[in-house]
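Notes follow the structure.
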Amino acid sequence: MSIAAVPAAEAGTDTILSVNNIEVIYDHVILVLKGVSLSVPRGGIVALLGANGAGKTTTLKAVSNLLRAERGEVTKGSIVFDGERVDRMTPNELVRRGCIQVMEGRHCFGHLTIEENLLTGAFTRRDGAAAIRRDMEMVYEYFPRLRQRRNSMSGYTSGGEQQMCAIGRALMSRPKMILLDEPSMGLAPQVVEEIFEIVKDLNAKEGVSFLLAEQNTNIALRYATYGYIMETGRIVMDGDAASLRENEDVKEFYLGIGEGERKSFREVKSYKRRKRWLM
Ligand SMILES: Nc1ncnc2c1ncn2[C@@H]1O[C@H](COP(=O)(O)OP(=O)(O)O)[C@@H](O)[C@H]1O
Ligand SMILES: [Mg+2]
Numbered sequence: 001m002s003i004a005a006v007p008a009a010e011a012g013t014d015t016i017l018s019v020n021n022i023e024v025i026y027d028h029v030i031l032v033l034k035g036v037s038l039s040v041p042r043g044g045i046v047a048l049l050g051a052n053g054a055g056k057t058t059t060l061k062a063v064s065n066l067l068r069a070e071r072g073e074v075t076k077g078s079i080v081f082d083g084e085r086v087d088r089m090t091p092n093e094l095v096r097r098g099c100i101q102v103m104e105g106r107h108c109f110g111h112l113t114i115e116e117n118l119l120t121g122a123f124t125r126r127d128g129a130a131a132i133r134r135d136m137e138m139v140y141e142y143f144p145r146l147r148q149r150r151n152s153m154s155g156y157t158s159g160g161e162q163q164m165c166a167i168g169r170a171l172m173s174r175p176k177m178i179l180l181d182e183p184s185m186g187l188a189p190q191v192v193e194e195i196f197e198i199v200k201d202l203n204a205k206e207g208v209s210f211l212l213a214e215q216n217t218n219i220a221l222r223y224a225t226y227g228y229i230m231e232t233g234r235i236v237m238d239g240d241a242a243s244l245r246e247n248e249d250v251k252e253f254y255l256g257i258g259e260g261e262r263k264s265f266r267e268v269k270s271y272k273r274r275k276r277w278l279m
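Quick note: the sequence shown, position 123, residue 123 per the UniProt record's numbering, numbers continuous.
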């Protein structure tokens, strides 16, 4: 039996997040996102890929409503989270509904201990100290390293531990969905692997959905099920992670493993310009 295909954005309860044709402008004049649409299935891990400056962080902040703090504004389109229009909500209202962002650069409070940092993540909750304790225990189960370091000032812990702390703090708000911005940035490959394994676990066992922005296409496409590629404020390609990994352009430009001779970055860039001219 076949049913007429329903666009992901209208699939109702199967879609936890849909971003529909949004435009974002900074400082009233700088147009940064031009008609960006994407969706995340409930319980999915979706990667938002692209080079530095492509618009990944802006997209995530448009969803979590953190743009206003940067004089940015969604001027067109709509954002639906868990069945509700959210583009006019405050970040806190969104956190209460279960959507939270972990910012690029692991924003922990350096002068607080790991445990104090985790507690700050529970600020929107009203279900009491016992429930918060239980969730802290859950965070320590997923991140044994944080348990070991619970009494250390986070400013003195490693980059990997700070990234774990930032994710752990987000978990303390009991999210349905985490917007994770460049979790791999500046971390050693082994630590990156460790963090992505935990993300996978949280997704599988707690059912947390993830939208993760990454420049590291390789690792992101190994853990995500679906990916979107951004260039200068637009989505230029999207597909199942497996098909993106096999795509020749993705291999060439984002995985650095194209067919034939390995090109230098500059050659690749001029090739890309030529290709654009031809289109
Ligand atoms: N607060 C801001 N004001 C003006 N322009 C900005 C601001 N933040 C980002 N931009 C611009 O928006 C574009 C996209 O940036 P960003 O979303 O941070 O990309 P990415 O996360 O993919 O590196 C860049 O050209 C950047 O210079
Ligand atoms: Mg960014």
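Just so you know, even glycine gets a beta-carbon here, dropped at the ideal spot from N, CA and C.
7 Å Cβ cutoff, residue i in contact with chain D
i: Arg42; result: You won't find chain D in this structure, because it holds only one protein chain.
Residues near residue i in its chain [Cβ-Cβ closer than 6 Å; skip 5 each side]
i: Pro7; result: In this prediction, Pro7 scores a pLDDT of 47, lower than 50, which makes its location untrustworthy; the coordinate-derived value is nonetheless stated afterwards. Once the five neighbours on either side are set aside, Pro7 has no close Cβ partner at all.
i: Arg234; result: Lys34
Distance, residue j Cα to residue i Cα
i: Ile16; j: Val208; result: 10 Å
i: Ile229; j: Arg147; result: 36 Å
i: Met136; j: Leu48; result: 29 Å
i: Ser158; j: Ile167; result: 14 Å
i: Arg126; j: Gly98; result: 14 Å
i: Leu66; j: Glu73; result: 9 Å
i: Asp14; j: Arg42; result: 5 Å
i: Ala130; j: Lys61; result: 32 Å
i: Val40; j: Tyr226; result: 9 Å
i: Asn52; j: Tyr254; result: 12 Å
Secondary structure of residue i, DSSP reduced to three states
i: Asn20; result: strand
i: Pro91; result: helix
i: Lys176; result: coil
Cβ neighbours of residue i in the same chain (closer than 7 Å, five flanking residues each side left out)
i: Gly155; result: Gly110 and His111
i: Asn92; result: Thr124
i: Ile114; result: Leu146, Arg149, Arg150, Ser152, Ser154, Thr157 and Cys165
i: Tyr142; result: Ile198, Asp201 and Leu202
i: Arg71; result: Tyr26 and Asp27
i: Ser184; result: Val192, Glu214, Asn216 and Ile219
i: Met89; result: Asn65
Heavy atom of ligand 4 within 6 Å of residue i beta-carbon
i: Glu206; result: Absence of ligand 4 from the depicted structure is noted, with ligand 1 and ligand 2 being the only ligands included.
Same chain, Cβ closer than 8 Å to residue i, five either side skipped, listed in chain order
i: Gly121; result: Gly168, Arg169, Ala170, Leu171, Met172 and Ser173
*Going along the chain, which unbroken runs of the alpha helix (DSSP H) with 4 or more residues stay wholly within the segment 179-241?*
List check, alpha helix (DSSP H) in window: 189-206 and 217-223.
*List in chain order: all unbroken beta strand (DSSP E) runs of 3+ residues lying wholly within the segment 57-84.*
The beta strand (DSSP E) runs lying completely inside the segment 57-84 and spanning 3 residues or more are 72-81, given in chain order.
*asked:* For the pair the segment 26-38 and the segment 196-210, tell me if three or more CB-CB distances fall below 8 Å.
replied: The segment 26-38 is not in contact with the segment 196-210.
*Taking one C-beta from the segment 242-255 and one from the segment 218-228 each time, how about it: are there three or more such pairs within less than 8 Å?*
Touching, yes.
_Please give me, in chain order, every unbroken run of the beta strand (DSSP E) with length at least 3 that falls completely inside the segment 96-131._
You should have 99-102.
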